[in-house]
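**Q** If you read the protein sequences in the order shown, they are chains S and X.
Read in order, the letters of the first sequence are residues 3 to 405 in the numbering used here.
Read in order, the letters of the second sequence are residues 3 to 405 in the numbering used here.
Okay, here's the structure, questions in a sec.
Protein chains: 2
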Amino acid sequence: DDLANGRPLLDSIEDPFVSDPVRDARLRKMTEKPCNAETPADELAESFLTPNEVFYVRNHMWVPVVEEVEADKHGINIELPDGDVRTYSIGELKARFKQHTVTAVLQCSGNRRNDMTRLAKQTNGLQWTVGAISCAKWEGVRLRDVLADAGLSLSDPGEDAQHVQFSGLEAYGASIPIESAIDPKGDALLAFKMNDELLPRDHGFPVRVIVPGHVAARCVKWVNKIVVSDEESNTSWQRKDYKCFGPNETSQDWDKYKSIQVMPITSAITRSKLKPIAKDQLGVRAAGDVPKDTASGRVVQLEGYAYSGGGREIQRVDISLDGGGTWDQARLVDDEKLEQGSKAWCWKRWRYEGTLPTVPDDDKGEAKTTFVVKATDDAYNTQPETHKSIYNLRGNLATAWHR
Amino acid sequence: DDLANGRPLLDSIEDPFVSDPVRDARLRKMTEKPCNAETPADELAESFLTPNEVFYVRNHMWVPVVEEVEADKHGINIELPDGDVRTYSIGELKARFKQHTVTAVLQCSGNRRNDMTRLAKQTNGLQWTVGAISCAKWEGVRLRDVLADAGLSLSDPGEDAQHVQFSGLEAYGASIPIESAIDPKGDALLAFKMNDELLPRDHGFPVRVIVPGHVAARCVKWVNKIVVSDEESNTSWQRKDYKCFGPNETSQDWDKYKSIQVMPITSAITRSKLKPIAKDQLGVRAAGDVPKDTASGRVVQLEGYAYSGGGREIQRVDISLDGGGTWDQARLVDDEKLEQGSKAWCWKRWRYEGTLPTVPDDDKGEAKTTFVVKATDDAYNTQPETHKSIYNLRGNLATAWHR
Ligand SMILES: [Mo]
Ligand SMILES: [Mo]
């Protein structure tokens, strides 16, 4: 019985999070209410498509409740600059529009924020390590097809059509530039499925926006309203949170810079392990030297990911085992056959095996070295060397070399 | 009389450069034959559109001779994957196709190569400083319109249409991906005019390709042949020269990386000057200290440019007067009204005024500091910190912080 003295229990009224789904225990929780949890490092470069259960969760509020049997009746209001409003149910979208499949990475603008805190200075925001990024296969209908059906001219949307604003059932909102919504090669979707399953509730059931190559903050979940406007979404998530100021800028004049949309290049080492010493090698070592608990000269195996926004493809992944002094190239995993869509919207997983440099012991008797990864995309953009040089108070886009 | 013993003078036969145009004395010559000459630093950030006379010159061979009165008869052969060939004269292109105007930067992949040599290690190639970049207004016809007229389906060019190859009268050749040629927002042109004049001979008279946002090496001059193919141009300029290897890679497996097309972000300081000391300040200084020939505490004025390829707009230009220790933002010059085209194809000029840090004298009695500029574009890509980390033998894309 849900009633106490004939009225609903107080905490079920006051806590909108009470209906949040149960999450996989492997997710690394940052906050519980709202749920923010990163994909564990061991899972990141393990598979090209991140399994739904460990796909990172970035919620700004609670998870809205839409019953599965009611899903097809869920409506999306679309409002054009001339004031015309058209409502589409999911049932209608599925029945009337061509289905489209895209594989794409989603990444939080705060991915690797903790690196910036650790290596530069304290930042404000969830202290994500390397796991606020995941990759999935998304199925749905093209946003451009739906906007055209609602009456927007794709060839000439008009001066009043500068931005496409999205709102979700829980009140989050954000927008993208009109070009990103209607670009025939942009692959922007209203998605119903994720990795061949219905969208999990944490990821927007029954429908979310996917804008490949853009920051995940624009890929609004549980979307129920779309407005084509001459203005950006007026939420603070659009106008304030997701911007980057200069290393010195403490007064945040929010209108000074553009909202983060297309993501810059980044990469990360997600796993490293020392190869066991082969028996014959052990023999040689033991014969020559006093056996020491040192890794110098041993073989290390690294793995990780590299990703660039805007559909730019990763060209090259450079690895250093000595803090950036010397470099070598990682092997890019051959995942192209799994990619779908008009551009390179996915990450490249990489693998590397190399021999650790011989490092003299420090005064604690320890030999230390630093592994570094940096990537280059097909516009030959690469990552900045230090977090200090790109420091910003909010810790957004902490894309420096990963060490 | 041009004849010696009734035959042409030997050197006028053997030297194809004899007909090269006379160049402006302000251009900084790297080589004479072929002519390679950079825009002088003083002219770079002086005007938004670089005057034709000081627009940098990058020739791979001699300058072909096309008489002005014959220009409209100059023909371009267009060959489609199915073998269809269609020839267009410039007269026909001008008469039958809609004229289109675009302002765009052209930049050599070797711009700032000398910085890489100076700050990392010797590189092979023309030792450009900051002037292998310029900006102009280009007028002509859209490449996509002409390809469509020749019979290419823009909506479905087909599997055999992967690249568009260009050849020029002097035998240089290069190619671009089909998307760059037919993208409705790509603004790729066959251009006849530059800054409201006929194309100067050094810049491709009577017609050159302009692919905004891409490396200038693809913007073939004196173009007379266009082939739509499943392969890149097979010239070494396409398959070899314009690529970037890793800092450690000495054996150049040319097929390993993609040809440079869309350019990464870069910036440069083109001019710096100390402001004269105001009389009253001079008094204060003279009263307190023994007058010294030092710049500490004086006001410095810097100017320069920042540019990112692919139509990405410059967001922010960061300046450091102490070698990267602290940062401030430059003022971006308001040139938007001069921009034409679908995307941000131009550079941003910037200006900065700041006070020099007080620097202790070194052992030679000199106080030195280092000015640094780095820029950020609207995908929040930024420049690498050191040339060492992006070093490549050919010295391509030397885009590190400019100091
Ligand atoms: Mo985010
Ligand atoms: Mo070049």
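The beta carbon of each residue, even a glycine, is placed where N, CA and C say it ideally should be.
For clarity, every value in this text was computed on a predicted model and none was experimentally measured.
Does Gly290 (chain X) have its Cβ less than 7 Å from a Cβ in chain S?
**A** Position 288 of the second sequence, counting from 1, holds the residue named residue 290 (chain X). Bear in mind that a pLDDT of 42 at Gly290 (chain X), under 50, signals an unreliable position, so the number given afterwards is only what the model happens to contain. Chain S, which has no Cβ nearer than 7 Å to the Cβ of Gly290 (chain X), makes this no.
**Q** Which term fits Gln101 (chain S), buried or exposed, when burial requires 16 or more other beta carbons within 10 angstroms of its beta carbon?
**A** As a first step, residue 101 (chain S) must be located in the first sequence, where it is residue number 99. Exposed: under 16 other Cβ atoms inside 10 Å.
**Q** Quick one: does Lys227 (chain X) have its CB under 7 Å from some CB of chain S?
**A** Mapped onto the second sequence, residue 227 (chain X) falls at position 225. Taking Cβ atoms only, chain S never reaches closer than 7 Å to Lys227 (chain X), which makes this a no.
**Q** In chain order, what residues of the same chain have a beta carbon less than 8 Å from the beta carbon of Met32 (chain S), not counting five sequence neighbours either side?
**A** The residue you call residue 32 (chain S) lines up with position 30 of the first sequence. For Met32 (chain S), where only same-chain residues beyond five positions count, the Cβ hits under 8 Å are Asn38, Ala39, Glu40, Leu128, Gln129, Trp130.
**Q** Tell me which residues share the same chain as Ser169 (chain X) and place their Cβ nearer than 6 Å to its Cβ, disregarding the 5 neighbours each side in the sequence.
**A** For this step, residue 169 (chain X) is matched to residue 167 along the second sequence. These residues qualify, in order along the chain: Gly175, Lys227.
**Q** Could you pull the start and end residues of the beta strand (DSSP E) that Asn79 (chain S) belongs to?
**A** Along the first sequence, one-based indexing puts residue 79 (chain S) at 77. Where Asn79 (chain S) is concerned, the enclosing beta strand (DSSP E) stretches over 77-81.
**Q** Under 7 Å, Cβ to Cβ, is there at least one residue of chain S near Tyr307 (chain X)?
**A** Within the second sequence, numbered from 1, the residue matching residue 307 (chain X) stands at position 305. No, Tyr307 (chain X) lies away from the interface with chain S (no Cβ there is under 7 Å from its Cβ).
**Q** Could you check the C-alpha separation between Val301 (chain X) and Thr372 (chain X) for me, to the nearest Å?
**A** One-based indexing of the second sequence puts residue 301 (chain X) at position 299. One-based indexing of the second sequence puts residue 372 (chain X) at position 370. Those two C-alpha atoms are separated by around 14 Å.
**Q** Compare the C-beta of Trp224 (chain S) against all C-beta atoms of chain C and say whether one is closer than 7 Å.
**A** Chain labels in this structure do not include chain C; the protein chains are S and X.
**Q** Under a CB-based cut-off of 7 Å, is Cys348 (chain S) close to chain X?
**A** Along the first sequence, read from residue 1 onward, the residue named residue 348 (chain S) stands at position 346. Not an interface residue.
**Q** Measuring only the C-alpha atoms, how far is Lys275 (chain S) from Phe50 (chain S)?
**A** Start at 1 with the first residue of the first sequence, and residue 275 (chain S) comes out as number 273. Start at 1 with the first residue of the first sequence, and residue 50 (chain S) comes out as number 48. Taking the straight line from one Cα to the other gives about 20 Å.
**Q** Do we get a CB-CB distance below 7 Å when we pair Gln109 (chain S) with the residues of chain X?
**A** For the purposes of this step, residue 109 (chain S) is identified with residue 107 of the first sequence, where counting begins at 1. False, the Cβ-Cβ gap to chain X never drops below 7 Å.
**Q** Flag this pair as touching only if the region 141-148 of chain X and the region 84-104 of chain X have three or more C-beta atom pairs under 8 Å; answer yes or no.
**A** Verdict: yes, contact present.
**Q** Let me confirm a value: Pro214 (chain S) is counted as buried when at least 16 other C-beta atoms fall within 10 Å, else exposed. Which label applies?
**A** The sequence position of residue 214 (chain S) within the first sequence is 212, counting from 1. Answer is buried; the Cβ neighbour count reaches 16.
**Q** Any C-beta of chain X sitting closer than 7 Å to the C-beta of Leu149 (chain S)?
**A** Numbered from 1 along the first sequence, position 147 holds the residue referred to as residue 149 (chain S). Not an interface residue.
**Q** Fully enclosed by the region 170-254 of chain S, which beta strand (DSSP E) runs are 3 residues long or longer?
**A** Runs of the beta strand (DSSP E) inside the region 170-254 of chain S: 175-179, 191-196, 210-212, 225-231.
**Q** If Ser269 (chain X) sits next to Ala218 (chain X), beta carbons under 8 Å apart, how far is it from one beta carbon to the other, in whole angstroms?
**A** By 1-based counting over the second sequence, the position of residue 269 (chain X) is 267. By 1-based counting over the second sequence, the position of residue 218 (chain X) is 216. The pair is not a contact, with the Cβ atoms about 18 Å apart (cut-off 8 Å).
**Q** Using a Cβ-Cβ cut-off of 7 Å, state whether Gln317 (chain X) counts as contacting chain S.
**A** Here residue 317 (chain X) corresponds to residue number 315 of the second sequence, with the count starting at 1. Taking Cβ atoms only, chain S reaches closer than 7 Å to Gln317 (chain X), which makes this a yes.
**Q** Here's the rule I'm using: 16 or more other beta-carbon atoms within 10 Å means buried, otherwise exposed. How should Arg220 (chain S) be labelled?
**A** In the first sequence, counting from the first residue as 1, residue 220 (chain S) sits at position 218. The residue is buried, with at least 16 neighbouring Cβ atoms inside 10 Å.
**Q** Is Tyr259 (chain S) close to chain X? Criterion is C-beta to C-beta, closer than 7 Å.
**A** Counting from 1 along the first sequence, the entry for residue 259 (chain S) is found at position 257. Judged by the 7 Å Cβ criterion, Tyr259 (chain S) is in contact with chain X.
**Q** Find the residues of chain X that neighbour Glu387 (chain S), judging by a C-beta separation of less than 8 Å, and give them in chain order.
**A** Residue numbering aside, residue 387 (chain S) sits at position 385 when the first sequence is read from its first letter. Those are Pro386, Glu387, Thr388, Ser391, listed as they occur along chain X.
**Q** Quick one: list the residues of chain X neighbouring Met265 (chain S), beta-carbon separation under 8 Å, in chain order.
**A** In the first sequence, the residue the question calls residue 265 (chain S) occupies position 263. Simply Ala381, Tyr382.
**Q** When the Cβ atoms of the region 305-323 of chain S are set against those of the region 62-78 of chain S, are three or more pairs found closer than 8 Å?
**A** The region 305-323 of chain S is not in contact with the region 62-78 of chain S.
**Q** If you compare alpha carbons, which of S:Glu16, S:Asp337, S:Ala332 is closest to Cys348 (chain S)?
**A** Along the first sequence, read from residue 1 onward, the residue named residue 348 (chain S) stands at position 346. Of the listed residues, the one whose Cα sits closest to Cys348 (chain S) is S:Asp337.
**Q** Between the Cα of Trp256 (chain X) and those of X:Val264, X:Glu181, X:Trp239, spot the shortest distance and give me the residue it belongs to.
**A** Counting from 1 along the second sequence, the entry for residue 256 (chain X) is found at position 254. Closest option to Trp256 (chain X), Cα to Cα, is X:Trp239.
**Q** Rounded to the nearest angstrom, what separates Pro386 (chain S) and Arg60 (chain X) at their Cα positions?
**A** Numbered from its first residue, the first sequence carries residue 386 (chain S) at position 384. Numbered from its first residue, the second sequence carries residue 60 (chain X) at position 58. Each residue's alpha carbon lies about 30 Å from the other.
**Q** Taking a contact to mean a Cβ-Cβ separation below 7 Å, would you say Pro266 (chain X) touches Thr401 (chain X) in this structure?
**A** Here residue 266 (chain X) refers to the residue found at position 264 when the second sequence is read from its first residue. Here residue 401 (chain X) refers to the residue found at position 399 when the second sequence is read from its first residue. For Pro266 (chain X) and Thr401 (chain X), yes; Cβs fall inside 7 Å.
**Q** Answer yes or no: does any C-beta atom of chain S fall closer than 7 Å to that of Leu399 (chain X)?
**A** Residue numbering aside, residue 399 (chain X) sits at position 397 when the second sequence is read from its first letter. Yes - at least one Cβ of chain S is within 7 Å of the one on Leu399 (chain X).
**Q** In terms of residues, what are the limits of the alpha helix (DSSP H) holding Ala43 (chain S)?
**A** Taking the first sequence and counting its residues from 1, one reaches residue 43 (chain S) at position 41. Note, Ala43 (chain S): alpha helix (DSSP H), 43-46.
**Q** Among the residues of its own chain, which have a CB less than 7 Å from the CB of Ser391 (chain X), if the five just before and after it don't count?
**A** Start at 1 with the first residue of the second sequence, and residue 391 (chain X) comes out as number 389. Around Ser391 (chain X): Pro249.
**Q** Whole angstroms are fine: how far does the CA of Tyr259 (chain S) sit from the CA of Val71 (chain S)?
**A** Taking the first sequence and counting its residues from 1, the one referred to as residue 71 (chain S) is at position 69. Taking the first sequence and counting its residues from 1, the one referred to as residue 259 (chain S) is at position 257. In a straight line, the C-alpha of Val71 (chain S) is about 44 Å away from that of Tyr259 (chain S).
**Q** Val24 (chain X): buried (16+ other C-beta within 10 angstroms of its C-beta) or exposed?
**A** What you label residue 24 (chain X) is simply residue 22 of the second sequence in a count that begins at 1. Result: exposed.
**Q** Three Cβ pairs or more, each shorter than 8 Å: is that satisfied between the region 318-336 of chain X and the region 367-383 of chain X?
**A** The region 318-336 of chain X is in contact with the region 367-383 of chain X.
**Q** Could you please give the first and the last residue of the uninterrupted alpha helix (DSSP H) stretch that includes Val148 (chain X)?
**A** The residue given as residue 148 (chain X) occupies position 146 in the second sequence. 145-152 is the extent of the alpha helix (DSSP H) around Val148 (chain X).
**Q** Is the beta carbon of Ser231 (chain X) less than 7 Å from the beta carbon of Tyr244 (chain X)?
**A** As a working note, residue 231 (chain X) is residue 229 in the second sequence. As a working note, residue 244 (chain X) is residue 242 in the second sequence. Going by C-beta atoms, Ser231 (chain X) is not nearer than 7 Å to Tyr244 (chain X).
**Q** Taking CB distances under 7 Å as the criterion, tell me whether Asp243 (chain X) reaches chain S.
**A** On the second sequence, residue 243 (chain X) is found 241 positions in, with the first residue counted as 1. Cβ-Cβ to chain S under 7 Å: no for Asp243 (chain X).
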